[in-house]
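So the protein lines, in turn, are chains S and L.
Using the numbering used here, the first residue of the first sequence is number 9, and each one after it goes up by one.
Using the numbering used here, the first residue of the second sequence is number 115, and each one after it goes up by one.
Beta carbons are placed, not taken as given, at the ideal position from N, Cα and C, and that holds for glycine.
Computed from a prediction, not measured in an experiment: that's the story for all the values here.
These notes concern the structure reproduced below.
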Amino acid sequence: MLELNDIVKKYFIGEPNELTVLKGLNLTISEGELVSIVGQSGSGKSTLMNIMGALDSPTEGSYVLDGVDVSGMRDNQLSAIRNQKIGFVFQTFNLIPRTTALSNVELPLFYRGDSKRKRSEKAKELLKMVEMDDRMLHMPNELSGGQKQRVAIARSLANNPSIILADEPTGALDTKTGNLVIDIFKKINREQGKTVIIITHNEEIAKQTNRIITLRDGEIISDSLNERMSA
Amino acid sequence: MAWENLLLALSSLLSNKMRSLLTMLGIIIGIASIITIVIIGDALSASVEDGLSGLGGNTIRVFVQERSTQQGGMMMMGGPGGGGMMMTRGSRSGRQTESKDLISDEMIADLRAHFGSQVAGVSLSHSLGSAEARDLALSSNVNVYGVNVDYFLENSVELLHGRLISDEDEMEQVAVVSDKLTDTMFGFGVDPIGQQVRVYRPTTIEIYTIIGVYKYEQSSFSMMSAEETPTDLYIPLSTAMVGIMEKNHSNISVIGAANTDIRALTTSLENYLAGVYATNEFFQASVMNMSSILDTITSTLGQISFAIAVIAGISLVVGGIGVMNIMLVSVTERTREIGTRKALGAKNFHIRIQFVVEALIVTLIGGIIGMILGVIFGAIATSLFDVRLVVSPFVIIGSMLFSMAIGVFFGLYPANKAAKLDPIEALRYE
């Protein structure tokens, strides 16, 4: 359901120089997996996440998401794909400032064109799930880091996407709060069967997922099932 | 969707109140000055029109004027002074008119015969200057005019008692006077018709029998106190001309019939008189119509206020650039927000609309505040000039549309910049 075939990503920095960040990468992630992608900085994991998140197109290769070839799509088509199929969770939360938690969760539904009532119902339900329903009218600057990330997770689920892409979701949180966030991801994966992909450099986080993919210098050097978790 | 964008823009503007207000200030000042100027211009035009339309738009004045010579005028300048002649282009020698140069009663009769029903009448008048009506201790200042019957076609008066001058009054010592004069001279309860009034002129005393009383209207342009302001006293033209050798007229007023095209009549009258005066080497009859003067004045006023409004419009453009500047700052500040929105599925037009609506609201609110201020300033100015306040809906709607157009025009570039941001770059922006 997520298929990367011979993905190459090059950046052109001036005429003779080109930087190859991803070097012919093949990866398949099935529905309902809880996957972590780990690697040092510069390993290409951010670039991989941008391609998987339909924020960027690969230079070569094909990316098939839910049976749709996404590689080579235009800006607005990619926007539609992101809106329908992908839920993003960022390291720095990226909630829209001066906008309530509720409105933040409603945002993907707003861009989809849902009515105000429909958006509000769905957003409240999701905020209840992440236990943020008592603070849904708070502004982001009135929330703690962990609370912000829970709102962000609720937002990533709003459009009922096929995959949740979390880029260093615990990077700005202390260990305890970070673990609570990871627990939410596990719960979503377990109870709703959502595919969750967590990009991290933290081994402890990675160990809590079922499958660990390790990147180095733009190539997958290991792709292993986590025995402890699968068991 | 439109409503959501509106709320979004409003909340974003409210979160930065001081900045939004300062940005609006340029628009407020621009719109306020344009509206103030247009209101003052409109009010002045309206007041000029009011003041001049009473002077008779369907009247064509004809006056004998010396022909201007293109060259050699200076040689003859030694002659007697110009005698109050209207100066126009070219030079004039100041030659005095002789009887044959003036407009005779026969010429007027010919003219009337030629134009027939197109001409309602020919107004003639001869001023005997200022005088004083006096009776023992009571007195009233008057200007004495000898007038013909048609005079009242040109200068309409509201008759209160009696009748106006008619053809039967020729050479009679009768007068039409103002109610102000009769009130002063006779007091209440006395029927002024048939009363006699003594008029003291520098050299003579005349006694006239009052045949009519008209309603005096205070002129708003008067410099004198109401008490001293002279009123017009009309006597038959023939009576006024007694003892004056020159019976011909240096100027007459031709009054067009009610449904006549006055401009066409002016032109044909001009051509007709050119024919009459073709053989006169030194003089010609010039024509002048009040409505053309009125047109000139109002169009000049219009041009002046348009020119000032254009200058004020420049400040609006400066205000618009201010809006663009602040929108660019806002786009830069909110780069991460834009990136997030795009990651969540916002298409380029979603982002573009968001920022255009924001600019539009700044300029629209600025425009509304500016409009209110402009109308207030306009009202103050018109009350200072003592003219009527006229606020045309065209000005209100026009300025609103203009300020919104400024918002769209200057908001579009920053909005496009925001819409075209690469989501990856935008998300990474610190």
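Take the Cβ of residue i as the centre, count every other Cβ of all protein chains shown within 10 Å, and call the residue buried at 16 or more, exposed below.
{"i": "residue 285 of chain L", "result": "exposed"}
{"i": "residue 123 of chain L", "result": "buried"}
{"i": "residue 359 of chain L", "result": "exposed"}
{"i": "residue 438 of chain L", "result": "buried"}
{"i": "residue 415 of chain L", "result": "buried"}
{"i": "residue 15 of chain S", "result": "buried"}
{"i": "residue 252 of chain L", "result": "exposed"}
{"i": "residue 288 of chain L", "result": "buried"}
{"i": "residue 537 of chain L", "result": "buried"}
{"i": "residue 176 of chain S", "result": "buried"}
{"i": "residue 217 of chain S", "result": "buried"}
{"i": "residue 41 of chain S", "result": "buried"}
{"i": "residue 283 of chain L", "result": "buried"}
{"i": "residue 524 of chain L", "result": "buried"}
{"i": "residue 71 of chain S", "result": "buried"}
{"i": "residue 53 of chain S", "result": "buried"}
{"i": "residue 484 of chain L", "result": "buried"}
{"i": "residue 466 of chain L", "result": "buried"}
{"i": "residue 394 of chain L", "result": "exposed"}
Going by beta carbon distance, what residues of the same chain come within less than 6 Å of residue i, once the five residues before and after it are set aside?
{"i": "residue 493 of chain L", "result": "503"}
{"i": "residue 461 of chain L", "result": "none"}
{"i": "residue 367 of chain L", "result": "173, 175, 237, 268"}
{"i": "residue 196 of chain L", "result": "Any reading at residue 196 of chain L needs caution, since the residue's pLDDT is 36, under 50, leaving its predicted position unreliable; the model's value is listed next. Excluding positions up to five away in sequence, the list reads 208."}
{"i": "residue 329 of chain L", "result": "272, 274, 293"}
{"i": "residue 540 of chain L", "result": "449, 452, 453"}
{"i": "residue 475 of chain L", "result": "123"}
Measuring straight from C-alpha to C-alpha, what distance separates residue i and residue j?
{"i": "residue 496 of chain L", "j": "residue 157 of chain L", "result": "7 Å"}
{"i": "residue 121 of chain S", "j": "residue 213 of chain S", "result": "36 Å"}
{"i": "residue 148 of chain L", "j": "residue 513 of chain L", "result": "8 Å"}
{"i": "residue 323 of chain L", "j": "residue 417 of chain L", "result": "51 Å"}
{"i": "residue 431 of chain L", "j": "residue 490 of chain L", "result": "22 Å"}
{"i": "residue 344 of chain L", "j": "residue 255 of chain L", "result": "4 Å"}
{"i": "residue 214 of chain L", "j": "residue 228 of chain L", "result": "21 Å"}
{"i": "residue 115 of chain S", "j": "residue 163 of chain S", "result": "8 Å"}
{"i": "residue 362 of chain L", "j": "residue 318 of chain L", "result": "23 Å"}
{"i": "residue 89 of chain S", "j": "residue 165 of chain S", "result": "14 Å"}
{"i": "residue 193 of chain S", "j": "residue 187 of chain S", "result": "10 Å"}
{"i": "residue 101 of chain S", "j": "residue 433 of chain L", "result": "37 Å"}
{"i": "residue 521 of chain L", "j": "residue 84 of chain S", "result": "26 Å"}
{"i": "residue 209 of chain L", "j": "residue 179 of chain L", "result": "10 Å"}
{"i": "residue 92 of chain S", "j": "residue 34 of chain S", "result": "24 Å"}
{"i": "residue 133 of chain L", "j": "residue 436 of chain L", "result": "11 Å"}
{"i": "residue 301 of chain L", "j": "residue 182 of chain L", "result": "54 Å"}
{"i": "residue 98 of chain S", "j": "residue 131 of chain L", "result": "30 Å"}
{"i": "residue 258 of chain L", "j": "residue 245 of chain L", "result": "7 Å"}
{"i": "residue 136 of chain L", "j": "residue 428 of chain L", "result": "18 Å"}
{"i": "residue 108 of chain S", "j": "residue 44 of chain S", "result": "31 Å"}
{"i": "residue 24 of chain S", "j": "residue 55 of chain S", "result": "22 Å"}
{"i": "residue 391 of chain L", "j": "residue 377 of chain L", "result": "21 Å"}
{"i": "residue 140 of chain S", "j": "residue 117 of chain L", "result": "27 Å"}
{"i": "residue 37 of chain S", "j": "residue 46 of chain S", "result": "15 Å"}
Could you spell out the range, first to last residue, of the alpha helix (DSSP H) harbouring residue i?
{"i": "residue 219 of chain L", "result": "219 to 229"}
{"i": "residue 141 of chain S", "result": "It is not in any alpha helix (DSSP H) - residue 141 of chain S carries neither H nor E in the DSSP assignment."}
{"i": "residue 130 of chain S", "result": "124 to 137"}
{"i": "residue 513 of chain L", "result": "507 to 533"}
{"i": "residue 295 of chain L", "result": "293 to 300"}
{"i": "residue 456 of chain L", "result": "449 to 457"}
{"i": "residue 93 of chain S", "result": "83 to 93"}
{"i": "residue 386 of chain L", "result": "376 to 390"}
{"i": "residue 467 of chain L", "result": "462 to 499"}
{"i": "residue 102 of chain S", "result": "Note, residue 102 of chain S: premise wrong, no alpha helix (DSSP H); not H, not E."}
Quick one: residues in its chain with C-beta nearer than 7 Å to the C-beta of residue i, no 5 flanking neighbours on either side, listed in chain order?
{"i": "residue 226 of chain L", "result": "233, 236"}
{"i": "residue 277 of chain L", "result": "325, 326"}
{"i": "residue 152 of chain L", "result": "419, 423, 509"}
{"i": "residue 200 of chain L", "result": "Any reading at residue 200 of chain L is ruled out, since the residue's pLDDT is 41, under 50, leaving its predicted position unreliable."}
{"i": "residue 479 of chain L", "result": "138"}
Which residues mark the beginning and the end of the beta strand (DSSP E) in which residue i is found?
{"i": "residue 350 of chain L", "result": "345 to 350"}
{"i": "residue 227 of chain S", "result": "227 to 233"}
{"i": "residue 70 of chain S", "result": "68 to 73"}
Pairing CB atoms from the segment 229 to 238 of chain L with CB atoms from the segment 259 to 276 of chain L, are three or more of them under 8 Å? yes
For the segment 227 to 235 of chain S and the segment 439 to 455 of chain L, state whether three or more C-beta atom pairs, one from each stretch, are separated by less than 8 Å. no
Taking 8 Å as the threshold, find out whether the segment 19 to 33 of chain S comes into contact with the segment 190 to 207 of chain S through three or more Cβ pairs. no
If we count Cβ pairs, one from each stretch, closer than 8 Å, do we get three or more for the segment 134 to 144 of chain S versus the segment 43 to 63 of chain S? no
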